[in-house]
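1 is the number of the first residue of the sequence shown in full-length UniProt numbering; add one for each residue after it.
Idealized CB from N, CA, C, for every residue including glycine.
Keep in mind that this is a model prediction, so the values were computed, not measured.
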Amino acid sequence: MHKICTEHLQPEMVLAKDVPGADNSTLFAKGRLLSDDDIVMLRDLDLGYVYIASRGKQKDHEDLLRRCDEYTYQFFMYVNPESNLFNELYRLSLSKVLAEASINWNLPCAKDLRATDVEYMRDLFFKGEGVPEDIVRHETSLVSFPDIYFKIKDLLESQDCSASELAKIVSTDIGLSAKILRLVNSSFYNFSSTIDSIDRAISLVGNREVSTLALGVSAINFFKDIPPELIDMRVFWRHSLSCAIYCKLIALVMGHSGERFFTAGLLHDAGRLIIFKNMPYGSVQTLLTARSEMLPLVEAERQVLGYDHTQVGDLLFREWQMPEFLRDIVANHHDPTNAGDPQNAAIVQLADNLANAMAIPSGSTFVLPGMQENDWKLLGLQGSQLQEICNEHDRCIEQVLKAFLTNS
């Protein structure tokens, strides 16, 4: 017996349980051989799922593969089918979906993927009145950044970034120090011995690398009071950290320093949180539009709000006086051709797609934004390299999550 979404039903499947009708009646009885008309009726009833009898091990596996393929494909609607890179990403994603569904994961049904409307919420600005500048100005006027952020930023921008001064600054914040030490002691760095001090972490990882990490970690503390009805913050940070890991791994493959890209990935969707906080009703409308029309969320933002999270993130980073490297990436990670360094933005764009694709079997409902051919060609990566990158990500993601999301 298998629990199957009505959108995945096929003629000649046999019901394993009664389908209830109105007033405790039975609409279709157990053992019924489903016809095309039956399936249309079941879908119109918006039941979500029914129970179907097994048809044998081989037939059941073929049917599960078909359903997993149909389910995964809907998230790749905006991906270039001519791209070998994304064809390999699709294969990897489908493989994970099939593996999870073969064990104990029921493919979510269409009705389960819909966003919940929140009529009672009110936006800070009416549609068409609030522009990104207004939202960012309002947000930054309410909350001040901690002094340690600006001290780290100034040190990072200075020509003489001394290890001793950096260690002194970071060590004044117990929570920040703890997160950095947990991170460098995780399998993400895989050092042979325990790193028990910020001084030691700096000597092994590097001054500017630790400075950039500290900048990102201190920045995430800014994002509080996001309505839980809109987003599970643990899920949001899991995506952000997953993207951060992919950013670093891709950057290392390409011969770049990984920590700067890790921080860029960590903060790439910062603008979205500001939109959630100040435009909750508008945010839900973007989620509803994205799901009902199977659009990437960034496209739904543009359609519903008239702007997207990259514009808000760009303005926010200007207010924070973030390093130009990070601001340029955050502003252009959905359109690398507009970036000062298109390859840098393309690294984060690919990482974002990877994070979304590989989270599908974890219940992610976001359609991949995809990449233009010119953008993914900037990276020079082969599809065969994605498997190794994904394996390395999976090896360390849980420890990185623990490092960041454990309360100090």
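Count the other CB atoms within 10 Å of the CB of residue i; is the residue buried (16 or more) or exposed (fewer)?
i, result
"H61", "exposed"
"A403", "buried"
"N356", "buried"
"P280", "buried"
"P228", "exposed"
"I135", "buried"
"Q102", "Checking the sequence, you will find Ser at residue 102 rather than Gln. Label assigned to S102: exposed."
"Q58", "exposed"
"K30", "exposed"
"Q10", "exposed"
"Q382", "exposed"
"E139", "buried"
"P20", "exposed"
"G258", "buried"
"M1", "exposed"
"A99", "exposed"
"G216", "buried"
"G313", "buried"
"T263", "buried"
"D36", "exposed"
"F126", "In this predicted model, F126 has a pLDDT of only 48, less than 50, meaning its place in the structure is not dependable; the value taken from the coordinates is given anyway. Result: exposed."
Could you give the distance in angstroms between the alpha-carbon of residue i and the alpha-carbon of residue j?
i, j, result
"L166", "S364", "38 angstroms"
"A244", "F223", "17 angstroms"
"I202", "L305", "43 angstroms"
"R91", "C390", "12 angstroms"
"residue 424", "Q159", "Residue 424 lies beyond the residue range present for the chain, which begins at 1 and ends at 408; the question has no answer from this structure."
"S83", "N353", "13 angstroms"
"E301", "S283", "8 angstroms"
"I152", "L287", "36 angstroms"
"N396", "I148", "For the sequence presented, residue 396 should be read as Cys rather than Asn. Their Cα atoms are separated by approximately 28 angstroms."
"M121", "K377", "With a pLDDT of only 47 at M121, under the threshold of 50, the placement of this residue in the model should not be trusted; the figure read from the coordinates follows. Each residue's alpha carbon lies about 43 angstroms from the other."
"L64", "G380", "35 angstroms"
"I174", "R200", "16 angstroms"
"D38", "Q303", "37 angstroms"
"S362", "S93", "11 angstroms"
"K168", "K96", "44 angstroms"
"V50", "N80", "34 angstroms"
"E324", "I274", "20 angstroms"
"Y78", "L295", "8 angstroms"
"E12", "N24", "26 angstroms"
"P146", "N221", "9 angstroms"
"C5", "D18", "15 angstroms"
"E70", "V40", "18 angstroms"
"E398", "S186", "9 angstroms"
Tell whether a beta-carbon distance below 8 angstroms holds between residue i and residue j.
i, j, result
"R137", "L107", "no"
"E7", "R43", "yes"
"Q311", "G340", "no"
"H334", "P369", "yes"
"L266", "L297", "no"
"T406", "R234", "no"
"D375", "T337", "yes"
"A110", "I52", "no"
"V210", "I195", "no"
"L386", "M371", "no"
"V400", "F188", "yes"
"L326", "P132", "no"
"C161", "N104", "no"
"F261", "K248", "yes"
"L176", "A219", "no"
So if DSSP puts residue i in a beta bridge, which residue, or which two residues, is it bridged to?
i, result
"H2", "I52"
"P20", "T26"
"L33", "V14"
Less than 7 angstroms between the CB of residue i and some heavy atom of the ligand PLP, yes or no?
i, result
"E82", "Ligands in the displayed structure: none, and consequently the ligand PLP is not present."
**Request:** Counting only runs of 4+ residues fully inside the region 139-205, write out the alpha helix (DSSP H) ranges in chain order.
**Result:** 147-157, 163-171, 174-184, 198-205
**Asked** Can you give, in chain order, each stretch of the alpha helix (DSSP H) that sits fully within the region 299-359 and has at least 4 residues?
**Response** 309-319, 324-332, 342-358
**Item:** Contained alpha helix (DSSP H) runs [length at least 4] in the region 212-292, N- to C-terminal order
**Value:** 233-253, 258-266, 270-278, 280-292
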